[in-house]
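Trainee: Residue numbers (our numbering): 8 to 506. Positions of the beta carbon are idealized from the N, C-alpha and C atoms, including for glycine.
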RNA sequence: GGCGGCAUGGCCAAGCGGUAAGGCAGAGGAUUGCAAAUCCUUUAUCCCCAGUUCGAAUCUGGGUGCCGCCUCCA
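Right, dumping it as structure tokens:
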């Protein structure tokens with residue numbers, strides 16, 4: 008295989024080669040746990056989930072570390088607002104985070120370190136930096152001295168001498184006075200009255216934001232890792248500072264590849280908490296947008312480009328997903344009818360497929376799919392191949408629906424089965440899992456119960472038989488108004504589905 | 001002011017020098033009492049100008065517009 012990735016460090020498309028054969032170490036910047044995640048977070052973690060799934064599909068042993076920043080001004084602010092504690096706020100939001108990510112089908116990281124649990128490593132690294140003369144303390148604060156690191160700015164392409172003129176009044180004056188250089192950043196902050204704090208050689212305080220990632224990478228993965236991930240908004244200063252800290256402390260390159268995802272935009276502007284233009288994952292799911300719709304929406308764009316969020320584009324993704332999903336569900340719903348082996352599990356389907364010889368047309372699709380992902384994760388192309396693969400399957404699903412008995416020759420049926428297995432297998436690399444339709448199943452706490460629906464369907468059938476279509480349509484309409492859609496099948500049976 | 005990115009049909013979005021993927025929407029047709037679903041067919045010369053080239057959406061130069069980062073941020 009030859010996976011090519013755009014390395015933000017070199018700004019070039021590079022062929023991926025791991026440090027250790029067959030193993031990949033990945034660190035991904037996680038969230039500050041002070042609130043629910045929004046669509047922007049979803050994009051980041053969905054995209055990196057695909058990278059991980061792809062590497063796994065190629066047989067790599069992937070160690071994926073993602074942190075939780077569980078100490079921060081915003082968490083403290085939230086705690087004070089809710090009259091709770093920092094720990095309560097972060098614990099709650101960690102739980103919420105897991106719930107959202109699990110729903111979106113994002114694989115759990117191998118380990119998820121938290122800032123408050125890595126204090127030893129953090130303190131050690133700061134001390135190391137002090138010893139090397141790259142850090143200095145002022146009244147209980149400790150700062151990293153950017154002038155002591157000649158390569159500072161190499162990730163973001165910033166030149167210290169040109170930048171310092173343009174602080175533009177954005178730097179806190181008090182802090183600015185303590186710093187030797189405007190770009191120096193806090194490694195350790197002295198505690199303010201009443202704030203949670205931790206002991207250190209510099210007094211009670213807490214770590215600066217950037218240092219936790221450096222300490223965690225070292226602790227969890229070592230001095231140099233294969234891939235470092237994050238949103239493009241983290242390039243400066245966060246990742247720049249991480250590089251400075253780690254590389255000065257360890258005298259080793261921090262990461263071979265740096266990958267950054269583009270932002271989710273709203274009306275051309277970045278979705279963010281501070282602008283207030285965000286939509287949480289939770290809110291979208293609550294509205295009935297399916298998790299896989301969100302995945303499809305996000306993966307239809309290239310991960311490095313900005314992606315505009317609109318109701319229309321979510322709606323388009325939703326309909327697209329329904330169609331793709333009907334192909335994905337075919338073997339789960341109709342295996343009996345098609346005389347296909349019963350699907351035991353996704354894993355089984357995928358391993359079964361790998362053991363088979365597949366026809367040339369299908370292996371070509373598989374190759375195109377892989378080529379697309381290897382070309383800097385071109386999920387957009389990958390998805391177009393899924394749609395192509397799914398087309399004949401949807402057609403078949405429709406034939407079954409209409410009970411057209413002729414299923415064609417055995418050869419053809421065999422090809423369709425393999426096609427379906429391939430579709431399931433490739434979709435799985437994008438994390439797109441079939442969502443079985445909830446036909447006829449009552450959800451929790453429905454206002455209109457199943458008995459009434461069935462009764463109405465019977466009435467409508469009687470009306471249809473007596474050719475009283477006005478009445479039949481009236482019943483359809485009444486049910487529709489209550490969110491129940493009727494689907495007439497060829498054999499005279501009427502299915503229903505809650506919308 | 002510095003650094004970086006983007007501009008493709010009604011909308012979203014691929015494309016990385018060889019004559020415009022895919023999704024949604026629209027149109028026509030098949031099927032259908034209606035509805036839904038499905039199938040087939042169909043819709044662009046790529047922000048502007050100049051250049052390089054046999055050939056450019058793709059490269060170069062110059063515009064115009066939009067965005068990100070430089071403060072917390074996926």
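Looking at the secondary structure, which residues open and close the beta strand (DSSP E) in which residue 234 lies?
Mentor: Translated into the one-based positions of the first chain, residue 234 becomes position 227. Looking at the DSSP string, the run of the beta strand (DSSP E) that includes residue 234 is 232–238.
Trainee: If we require 3 or more residues per run, which beta strand (DSSP E) segments fall completely within the segment 12–58?
Mentor: Here the runs fully enclosed are 19–22 and 30–39.
Trainee: Using 7 Å as the threshold, is the C-beta distance between residue 77 and residue 118 below it?
Mentor: Taking the first chain and counting its residues from 1, one reaches residue 77 at position 70. Taking the first chain and counting its residues from 1, one reaches residue 118 at position 111. No.
Trainee: In the DSSP output, which residue or residues are listed as bridge partners for residue 213?
Mentor: As a working note, residue 213 is residue 206 in the first chain. Residue 213 pairs with 196.
Trainee: Might you give, ordered along the chain, the residues of its own chain that have their beta carbon closer than 7 Å to the beta carbon of residue 376, omitting 5 neighbours on each side?
Mentor: Along the first chain, one-based indexing puts residue 376 at 369. The residues are 389, 392 and 433.
Trainee: With residue 255 as the anchor, note down where its alpha helix (DSSP H) starts and where it stops.
Mentor: Within the first chain, the letter at position 248 stands for residue 255. Note, residue 255: alpha helix (DSSP H), 247–257.
Trainee: Specify the secondary structure class of residue 353 as computed by DSSP and reduced to three states.
Mentor: By one-based count along the first chain, residue 353 stands at place 346. Three-state result, residue 353: helix.
Trainee: Taking Cβ positions, are residue 482 and residue 492 nearer each other than 7 Å?
Mentor: Mapped onto the first chain, residue 482 falls at position 475. Mapped onto the first chain, residue 492 falls at position 485. Against a cut-off of 7 Å, the Cβ pair of residue 492 and residue 482 comes out as no contact.
Trainee: List the residues that DSSP assigns as beta-bridge partners of residue 80.
Mentor: Here residue 80 refers to the residue found at position 73 of the first chain. Looking at the DSSP assignment, residue 80 forms no beta bridge with any residue, so it has no partner.
Trainee: Going straight from the alpha carbon of residue 41 to that of residue 50, what length do you get?
Mentor: As a position in the first chain, residue 41 is number 34, starting the count at 1. As a position in the first chain, residue 50 is number 43, starting the count at 1. So the alpha carbons of these two residues sit roughly 19 Å apart.
Trainee: Does the contact criterion of 3 or more C-beta pairs under 8 Å hold for the segment 398–407 versus the segment 335–347?
Mentor: With the cut-off at 8 Å, the segment 398–407 and the segment 335–347 touch.
Trainee: Would a C-beta distance cut-off of 7 Å place residue 164 and residue 197 closer than the cut-off?
Mentor: Walking along the first chain from the start, residue 164 turns up at place 157. Walking along the first chain from the start, residue 197 turns up at place 190. No, these two residues do not count as a Cβ contact at 7 Å.
Trainee: Assuming residue 426 and residue 396 form a contact by the criterion Cβ under 8 Å, report the distance between their Cβ atoms to the nearest whole angstrom.
Mentor: For the purposes of this step, residue 426 is taken as residue 419 along the first chain, with counting starting at 1. For the purposes of this step, residue 396 is taken as residue 389 along the first chain, with counting starting at 1. With 8 Å as the limit, residue 426 and residue 396 qualify as a contact, their Cβ atoms being about 6 Å apart.
Trainee: Just how far apart, CA to CA, sit residue 474 and residue 465?
Mentor: By 1-based counting over the first chain, the position of residue 474 is 467. By 1-based counting over the first chain, the position of residue 465 is 458. Going from the Cα of residue 474 to the Cα of residue 465 covers about 14 Å.
Trainee: Taking 8 Å as the cut-off, does the segment 228–245 touch the segment 108–116 (at least 3 CB pairs, one atom from each stretch)?
Mentor: Contact fails: fewer than three Cβ-Cβ distances are below 8 Å.
Trainee: For residue 211, which residues from the same chain have a beta carbon less than 6 Å from its beta carbon, with the 5 sequence-adjacent residues on both sides left out?
Mentor: One-based indexing of the first chain puts residue 211 at position 204. Within the same chain, residue 211 has close Cβ partners 198 and 204.
Trainee: Going by DSSP, what residue range makes up the beta strand (DSSP E) through residue 151?
Mentor: Residue mapping note: residue 151 aligns to position 144 of the first chain, counting from 1. Residue 151 -> beta strand (DSSP E) spans 148–151.
Trainee: Where does residue 488 fall in DSSP's three states?
Mentor: Here residue 488 refers to the residue found at position 481 of the first chain. Reduced to three states, the DSSP call for residue 488 is helix.
Trainee: Cα-Cα, which of 222, 460 and 311 is closest to residue 242?
Mentor: Counting from 1 along the first chain, the entry for residue 242 is found at position 235. Closest option to residue 242, Cα to Cα, is 311.
Trainee: Which residue or residues does DSSP assign as beta-bridge partners of residue 142?
Mentor: Position 135 of the first chain, counted from the start, is the residue given in the question as residue 142. BP columns for residue 142 point to 151.
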